[in-house]
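Q: The sequence shown begins at 7 in the numbering used here and counts up one residue at a time.
For every residue, glycine included, the Cβ atom is placed at its ideal position computed from N, Cα and C.
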Amino acid sequence: MKTIRIGLIGFGTVGSGTAEVLRLQADRLRKRTGCAFVLKTVADISCQALPEQFKGIRLTKDVNEIFADPEIDIVVELIGGIEPAKTFLLKAIAAGKHVVTANKALISQHGREIFEAAAAKNVEVGFEASVCGGIPLIKALKEGLVANRIESVMGIVNGTANYILSQMTDFGKGFAEVLKDAQAKGFAEADPTYDVEGIDTAHKLAIIMTMVYGMTISLDDISIEGISSIKPIDIAFAKDFGYRIKLLAITRNHGDHVEARVHPTLVPETHMLASINGAFNGVHFHGDMVGDVLLYGLGAGKMPTGSAVVADIVDIGRNIVNGAVNRVPSLGYQPAEIKPRAITPLSKLHGSYYFRMSVLDKPGVLAAIAGTLGKYGISIESVIQKRRHDTASVPVVIWTHETDESAVQQALAEIDAMDFCTDKTVKVRILEDQEG
């Protein structure tokens with residue numbers, strides 16, 4: 007029986023989960039593959055001792071021991087961040103070792119350098135756990151959907167943001183209160199910026215788009231808006247009209263250009279993505295052959311993410327045993343076929359919108375707003391003005407018919423500059439029920 011030996015860098019939440027999956031599922035993996043997967047060495051600068059169940063596994067603070075060990079076949083990097091993670095992966099590759107990572111920021115920003123280095127050394131890079139934790143999304147794109155031209159992808163791919171929006175929807179709490187609760191429960195980081203401002207989601211969208219379209223893309227190519235401006239009043243209006251607000255990663259394939267955007271979206275309650283709540287993730291694909299596909303599951307967590315890491319380890323182990331390394335290209339396309347593609351300018355988008363304006367309660371305000379919207383060809387479907395309570399400012403909520411993003415940007419800039427506006431307009435795009 008072939009033994010595949012593993013070196014693990016980082017023994018935090020995901021690292022310890024990966025070790026636990028390898029331990030608990032050792033017999034199952036042997037029966038499925040005919041291989042023994044053995045965690046030989048763990049490198050971690052803060053871990054003083056491994057738990058009792060991992061007795062016999064070497065613990066070191068010197069990561070170079072892993073790179074120098076000729077017995078180790080696969081190096082798993084689970085420390086996160088750009089550096090020193092990037093250096094560690096490149097050192098492992100230079101030593102002729104296959105690598106596995108859950109590092110979405112690293113793959114989305116420096117993936118090309120890592121994949122090129124791996125190709126030069128004829129080793130593999132596994133990164134299933136970098137997008138949506140335990141959901142086998144990367145595998146589906148590389149293999150399960152290989153016969154499809156993907157027409158669109160829409161995804162809830164950040165569990166923190168989805169948990170916050172779900173709590174706001176179900177319990178009527180404000181953003182700040184829910185965020186504090188999420189941090190106390192470990193669902194949100196002490197600095198939640200990447201999660202709530204859409205940056206983490208954009209990293210994941212960049213990886214997805216590279217695999218879906220065979221394209222090079224950077225974070226700068228993606229239009230990003232977060233959820234920190236969403237208030238309970240927006241959630242309430244959405245519910246009244248049969249929608250839920252979700253932070254979506256969206257791309258659509260227009261042939262000569264592709265969309266790349268992350269923003270809060272009003273999703274009809276009848277849509278598959280509307281029912282994905284809490285810390286769960288869901289990604290909806292539309293392929294020209296298969297039609298609609300929804301992948302759903304936990305997008306983070308010790309054991310779900312560890313499961314995805316081990317799936318990569320097993321895939322690479324099988325390829326080693328069968329002499330089939332790089333049988334499936336890491337990004338689903340042959341390297342020479344991965345090329346730049348034009349990104350659809352945000353100003354060229356077309357759709358319906360929800361606006362919430364904060365204005366002074368005085369005559370002529372609605373007329374001025376309607377006149378400005380009409381000036382830019384924006385047709386109003388409905389308008390609601392809440393009565394004033396204890397402040398001079400009142401919310402005016404407007405739902406529009408389909409219009410151009412460029413017109414919306416110009417109209418809102420003009421309205422927000424008017425003396426009766428007391429805050430910047432909150433804008434949320436509306437997903438039509440038939441969109442996929």
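For the segment 146-166 against the segment 253-262, do three or more pairs of beta-carbon atoms, one drawn from each stretch, fall closer than 8 angstroms, so that the two count as touching?
A: Yes, since at least three Cβ pairs between the segment 146-166 and the segment 253-262 fall closer than 8 angstroms, the two stretches touch.
Q: At what residues does the alpha helix (DSSP H) containing Phe17 begin and finish?
A: Taken as a continuous stretch (DSSP letters only), Phe17 belongs to no alpha helix (DSSP H), as it is neither H nor E.
Q: Kindly indicate which three-state DSSP category Lys433 falls into: helix, strand or coil?
A: Strand, per DSSP.
Q: Would you please state the rounded distance, in angstroms, between the beta carbons of Asp79 and Arg11? I believe it to be under 8 angstroms.
A: Between Arg11 and Asp79 the Cβ distance is about 5 angstroms, and since that is below 8 angstroms, they are a contact.
Q: Mind checking Ala25: buried by the 16 CB within 10 Å criterion, or exposed?
A: Buried.
Q: Express the C-alpha separation of Ile230 and Gln59 in angstroms, rounding to a whole number.
A: Spanning the two alpha carbons is a distance of roughly 44 angstroms.
Q: Keeping to the same chain, check which residues put their C-beta closer than 7 angstroms to that of Ala419; ignore five residues upstream and five downstream.
A: Nothing meets the Cβ criterion.
Q: Roughly how many whole angstroms lie between the Cα atoms of Ser428 and Val414?
A: First, the amino acid is wrong: residue 428 is Thr here, not Ser. Taking the straight line joining both Cα atoms gives about 19 angstroms.
Q: Enumerated in chain order, which unbroken segments of the beta strand (DSSP E) with a length of 3 residues or greater are wholly contained in the segment 177-221?
A: The segment 177-221 contains no whole beta strand (DSSP E) run of 3 or more residues.
Q: On the premise that Tyr360 lies in contact with Val434, defined as a C-beta separation below 8 angstroms, what is that separation, rounded to the nearest angstrom?
A: Rounded, the Cβ-Cβ distance is 4 angstroms, consistent with contact.
Q: Who are the near neighbours of Val299 in its chain, counting only those whose CB is closer than 8 angstroms to its CB and skipping five residues on each side?
A: So the list reads Ala146, Leu151, His290, Phe291, His292, Gly293, once near-sequence residues are dropped.
Q: Quick check: the Cα distance between Gln340 and Thr107, rounded to an integer number of angstroms?
A: Those two C-alpha atoms are separated by around 21 angstroms.
Q: Taking a contact to mean a Cβ-Cβ separation below 9 angstroms, would you say Ile113 touches Ile51 in this structure?
A: For Ile113 and Ile51, no; Cβs fall outside 9 angstroms.
Q: Decide if Ala317 is buried, meaning its Cβ has at least 16 other Cβ atoms within 10 Å, or exposed.
A: When all chains shown are included, Ala317 counts as buried.
Q: Taking just the CA atoms, how far does Lys179 sit from Ala334?
A: The amino acid at residue 334 is misidentified as Ala; the sequence shows Val. When rounded, the distance between both Cα atoms is 47 angstroms.
Q: Using C-beta distances below 8 angstroms, list every residue in its chain close to Ala32, excluding the 5 sequence neighbours before and after it, in chain order.
A: Same-chain partners within the cutoff: Ala42, Phe43.
Q: Suppose you measure from the CA of Ile344 to the CA of Ala242; what does that come to, to the nearest Å?
A: Each residue's Cα considered, the two are about 44 angstroms apart.
Q: Would you list the residues sitting across from His292 in a DSSP beta bridge?
A: DSSP output for His292 lists Ser158, Asp298 as bridge partner(s).
Q: At the level of alpha carbons, what is the spacing between Asn168 and Gly248?
A: Near 18 angstroms, if we compare the C-alpha coordinates of Gly248 and Asn168.
Q: Since I believe Gly357 is in contact with Ile436 (beta carbons under 8 angstroms), could you give me their beta-carbon distance rounded to a whole number of angstroms?
A: Yes, Ile436 and Gly357 are in contact; Cβ-Cβ is about 6 angstroms, under 8 angstroms.
Q: Provide the residue span of the alpha helix (DSSP H) that contains Ala255, from first to last.
A: Looking at the DSSP string, Ala255 is not in any alpha helix (DSSP H); the run it does join, the beta strand (DSSP E), is 249-258.
Q: What are the boundary residues of the beta strand (DSSP E) that Val402 is part of?
A: Val402 -> beta strand (DSSP E) spans 399-406.
Q: Helix, strand or coil: how does DSSP classify Glu83 here?
A: In the structure shown, Glu83 sits in a strand (DSSP, three-state: E or B).
Q: Just the C-alpha distance for Val131 and Lys97, rounded to the nearest angstrom, thanks.
A: Val131 and Lys97: Cα-Cα distance of roughly 13 angstroms.
Q: With 16 other CB atoms within 10 Å as the buried threshold, where does Met7 fall?
A: When all chains shown are included, Met7 counts as exposed.
Q: State whether the segment 186-194 contacts the segment 206-223, with contact taken as three or more CB pairs (one from each stretch) at a distance under 8 angstroms.
A: Touching, no, given that fewer than three Cβ pairs across the two stretches are closer than 8 angstroms.
Q: Is the Cβ-Cβ distance between Ala123 and Ile99 less than 9 angstroms?
A: Yes, they are a contact pair.
Q: For a test of the three-state rule: what should DSSP assign to Phe121, helix, strand or coil?
A: Three-state result, Phe121: helix.
Q: In three-state terms, what does DSSP make of Leu65?
A: Note: Leu65 maps to strand in three-state DSSP.
Q: Taking the DSSP output, what are the residues bridged to Thr107?
A: Partner(s): Glu83.
Q: Could you round the C-beta distance between Val23 and Ile141 to whole angstroms and report it? I think they count as a contact, below 8 angstroms.
A: In the sequence on display, residue 23 carries Gly and not Val. The pair is not a contact, with the Cβ atoms about 15 angstroms apart (cut-off 8 angstroms).
Q: Rounded to whole angstroms, what's the CA-CA distance from His5 to Met217? Just pull it up for me.
A: Absent from the structure is residue 5, since the part of the chain shown begins at 7 and ends at 442.
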